[in-house]
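J.: Here the protein sequences line up with chains A and B, keeping their order. For the first sequence, the working numbering begins at 34 and goes up steadily by one. For the second sequence, the working numbering begins at 2 and goes up steadily by one. All residues carry an ideal CB built from backbone N, CA and C; glycine is no exception.
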Amino acid sequence: MSFAVLEPGGDAATALYIVAFSLFIIGVRRGTHPTTAKQGNLIAAVGMAIAVAATLLLDGIGNWGLIVGGLAIGAAIGIVASLRVQMTEMPQMVALYNGVGGGAVALIAWAEIRHGISLGHEIPLDTLIPVLFSAVVGSVSFWGSNVAFAKLQDLIPTKPLAVPGQQVINALLLVGIVVACVSIAINNDDPSQAAFIAVLIAAALLGNLVVLPIGGADMPVVISLLNAFTGLAAAAAGFALDNVALIVAGTLVGSSGTILTLEMATAMNRSVANILFAGFGAAPSGGGAGDGEERPHTSIAAQDAAIKLAYADSVVIVPGYGLAVAQAQHAIKEVADELEQRGVGVSYAIHPVAGRMPGHMNVLLAEADVPYEQLREMEEINPELPRTDVCVVVGANDVTNPAAKNDPDSPIAGMPIIEVSEAQQVIVIKRSLSPGFAGIDNDLFYEPNTSMLFADAKQAAAEIAAEIGRL
Amino acid sequence: MDLIVELTVFVLAAFVGFEVISKVPTTLHTPLMSQTNAIHGIVMLGGLIVVGYADDGLEYAIGTIAIAFGTINIVGGFMVTDRMLGMFSRKPKPKGGEGDS
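See the structure below:
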């Protein structure tokens, strides 16, 4: 039992909560299938509206001005941000939303502990422990997500930033947090608010330090992990407030988010522990980024590329983040349209982590009206590549690097790749030979059957489409 | 609610979460993450409860910020997910017959 005044009693509210979390479960369930996903999201949103309404109906809720004000401000920001965000910026938007969710958890924990102290009697441990847990995890999630956002938005370097003695500092912070929490819990008849604030600050530092050293390529997994953590923190807040809706919804996100995180990490052939404790750049091995030496490569113009494509029988397009950045999805679709008019078979090979998040590229291509059935997953397309005439790599880099297969010392060794070098010919559209997210050179660029087309992806695609039209 | 009842609910919900998410096509990873992200915005209810029963200045402030944060998480999360999934709603074949704006 928790503070009597915060007891959100009432059978009516609980009944509505049950309806709400049932809708969450149905919504997530439908979210796992392409045809029902949109509907599932709406169902979950309706569940949320019911849960909010049920809470506002609780007896004795006051301070309506503040409640309505907070809701209005939050809704306004949420609506404007969601409408303005570009499809390419979705991953960092999700990071940001996750961050404010974590921030909300931490703030609620703080308000609760203040309230508990002001009541002047002992705070029961079954309230205090969840409060401390949600404070720590919420704070870590808030700061970690903000760092992830800043990295994806290129506000801070995406390269792994290593702090000397990193692991030791993190471990010490964690120990300090645990010790402070235990001391607060032992003195639960008169907990120190100062100690609690110190815990919040230490957790904030930890959130920054854990995410800063992680390279941009691993960010999706990190965001997904922080998402799961925020869910657990919300569940803990539910324990503290005796609120069943928070417990079920938070736990649902915690466990489903954990599975999603593992699936994403598997798709990248990385372990979560590996990502958290060793950035790509932490152990620089073969093929260092800018060693300056120029390796021989073939460079072609848009016209040559157009000819190669127009007289091919089958073309596979491998889109990557460069396509997203250049907003080239529509131009690429035009190339595909031109080719299809000439009877060339076109499909798109989508690496599980193409773009900056799993599924990100599918969304971008769908935006350009690329038919769903032309999008092929990596495992499906790889066996067909040796029979493919031309592979066009647009702004993708690390996910095509044959070093992942051939060089056991490469930092990306073992990462599943789209085996474009198996195709008869490869055209790489890219601004320069510069390395990708993983910060390593791509051997593909120097293979004899590879031609480099140095240009902005959108411009190059438009030129190629025009050239094919003229042929 | 008893702690033991809450723990029961917690464990069952955890299993539901594990079961619900098995074998998701990669395409849906990001939208699904975004949707579950919106769902944890439910913590905003905690903000409502805190503010609803608050009686000191700092609690008002903290709680109101928490409500605003949680609402951003909820509203933004569901809307962004809807936009992402909207990209898949078109039927692959027919060129006309598209209902929504």
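Less than 8 Å between CB atoms is the rule here; does D370(A) satisfy it with respect to chain B?
T.: For D370(A), the answer is no, since every Cβ of chain B falls outside 8 Å of its Cβ.
J.: Starting from the C-beta of V244(A), find all residues in its chain whose C-beta is less than 7 Å away, skip the five residues before and the five after it, and write them out in chain order.
T.: Answer for V244(A): G177, V180, A181 and V255, listed in chain order.
J.: Considering only C-alpha positions, which residue in the set I110(A), A137(A) and D223(A) is nearest to H154(A)?
T.: Considering only alpha carbons, the answer is D223(A).
J.: If we ignore side chains and look at the alpha-carbon of each, how far apart do V52(A) and V10(B) end up?
T.: Straight-line Cα distance between these residues: approximately 15 Å.
J.: Could you pull out every unbroken beta strand (DSSP E) segment of at least 3 residues lying fully inside the segment 377–446 of chain A, listed in chain order?
T.: Listed in chain order, they are 378–383, 408–410 and 423–427.
J.: Take A488(A) as the anchor and find which of G95(A), I473(A), K192(A) and A359(A) has the nearest alpha-carbon.
T.: It is A359(A) whose Cα lies nearest to the Cα of A488(A).
J.: Here's a check: name, in chain order, each residue in its chain whose Cβ is nearer than 8 Å to the Cβ of A15(B), leaving out the five neighbours to either side.
T.: Closer than 8 Å at the Cβ level, and outside the excluded window around A15(B), lies no residue.
J.: Could you round the C-beta distance between Q36(B) and T82(B) to whole angstroms and report it? I think they count as a contact, below 8 Å.
T.: Yes, they are in contact, since the Cβ atoms of Q36(B) and T82(B) sit about 5 Å apart, within 8 Å.
J.: Listing by chain order, which chain B residues have their CB less than 7 Å from the CB of T88(A)?
T.: Ordered by position in chain B, the residues that pass the 7 Å Cβ test against T88(A) are L46, L49 and I50.
J.: In angstroms with no decimal places, state the Cα-to-Cα distance between L129(A) and M80(B).
T.: If I take the Cα positions, the gap works out to 14 Å.
J.: In chain A, what lies closer than 9 Å to T9(B) by C-beta?
T.: Within chain A, no residue comes near T9(B); the closest Cβ sits about 10 Å away, beyond 9 Å.
J.: Who are the Cβ neighbours of S174(A) in its own chain at under 6 Å, not counting the five residues just before and after it?
T.: Contacts found: G135, L259, F262 and T263.
J.: If you draw a straight line from the alpha carbon of D101(B) to that of I58(A), how long is it in whole angstroms?
T.: Residue confidence for D101(B) is low, a pLDDT of 41 falling below 50, so the modelled location carries little weight; the figure read from the coordinates is stated next. Cα to Cα, the separation comes out at about 27 Å.
J.: Taking only three categories from DSSP, how would you classify P352(A)?
T.: P352(A) falls in the strand class under three-state DSSP.
J.: Following the continuous beta strand (DSSP E) through M485(A), name the residue where it begins and the one where it ends.
T.: T483 to F487 is the span of the beta strand (DSSP E), which, as asked, contains M485(A).
J.: Under the three-state reduction of DSSP, which class applies to S23(B): helix, strand or coil?
T.: Coil at S23(B), not helix or strand.
J.: Strictly below 8 Å CB to CB, what residues from chain B border M81(A)?
T.: In chain order: A39, I40, G42, I43, I75 and F79.
J.: Is H384(A) buried or exposed, if buried means 16 or more other CB atoms sit within 10 Å of its CB?
T.: H384(A) comes out buried.
J.: Below 8 Å between beta carbons: does that hold for R409(A) and Y381(A)?
T.: Going by C-beta atoms, R409(A) is nearer than 8 Å to Y381(A).
J.: If you check the beta carbons only, do L13(B) and D159(A) fall under 8 Å apart?
T.: Their beta carbons are not under 8 Å apart, which means L13(B) does not touch D159(A) by this criterion.
J.: For the segment 261–276 of chain A, enumerate the residues whose C-beta is nearer than 7 Å to any C-beta of chain B, in chain order.
T.: Answer in chain order: T263, G264, A267, A268, A270, F272, L274, D275 and N276.
J.: What in chain A is Cβ-close to G64(B), meaning under 9 Å?
T.: What G64(B) touches in chain A: N96, L99, I100, G103, L140, I141 and A144.
J.: Helix, strand or coil for S332(A)? Go by DSSP, reduced to three states.
T.: Of the three classes helix, strand and coil, the one that applies to S332(A) here is strand, per DSSP.
J.: Expressed to the nearest angstrom, what Euclidean distance is found between the alpha-carbon atoms of I445(A) and G472(A)?
T.: C-alpha separation (whole angstroms): 10 Å.
J.: In chain B, which residues lie with their C-beta within 9 Å of the C-beta of E410(A)?
T.: Ordered by position in chain B, the residues that pass the 9 Å Cβ test against E410(A) are P26, T27 and T28.
J.: Quick check: the Cα distance between G95(A) and L140(A), rounded to an integer number of angstroms?
T.: Each residue's Cα considered, the two are about 19 Å apart.
J.: List, in chain order, every chain B residue whose beta-carbon is nearer than 8 Å to that of L279(A).
T.: Going along chain B in sequence order, the residues near L279(A) (Cβ under 8 Å) are I43, V44, L46 and G47.
J.: Shortest alpha-carbon distance to A231(A) belongs to which of V211(A), E452(A), P468(A) and A87(A)?
T.: The residue with the shortest Cα to Cα distance from A231(A) is V211(A).
J.: Cα-Cα, which of M252(A), M126(A) and V305(A) is closest to I112(A)?
T.: Checking every option, the nearest Cα to that of I112(A) belongs to M126(A).
J.: Assess, as a yes-or-no matter, whether the segment 454–462 of chain A is touched by the segment 19–31 of chain B under the definition of 3 or more beta carbon pairs within less than 8 Å.
T.: Flag = no, the segment 19–31 of chain B and the segment 454–462 of chain A do not touch.
J.: What residues in the segment 340–351 of chain A have a beta carbon less than 9 Å from any beta carbon of chain B?
T.: Under the 9 Å Cβ criterion, the segment 340–351 of chain A contributes no residue.
J.: Quick one: Cα of A39(B) to Cα of N131(A), how far?
T.: Whole-angstrom Cα-Cα distance: 8 Å.
J.: Which residue from Y354(A), V348(A), L188(A) and V281(A) puts its Cα closest to that of A393(A)?
T.: Strictly speaking, residue 393(A) in this sequence is His, with Ala absent from that position. The residue with the shortest Cα to Cα distance from H393(A) is Y354(A).
J.: Using the Cα positions of A270(A) and V286(A), report the straight-line distance between them to the nearest angstrom.
T.: Cα-Cα distance, rounded: 14 Å.
J.: Taking Cβ-Cβ distances shorter than 8 Å, what residues in chain B pair up with L258(A)?
T.: Those within 8 Å of L258(A) in chain B number zero; the least Cβ separation is about 10 Å.
J.: So what's K71(A) in DSSP terms, helix, strand or just coil?
T.: Residue state, collapsed to three classes: helix.
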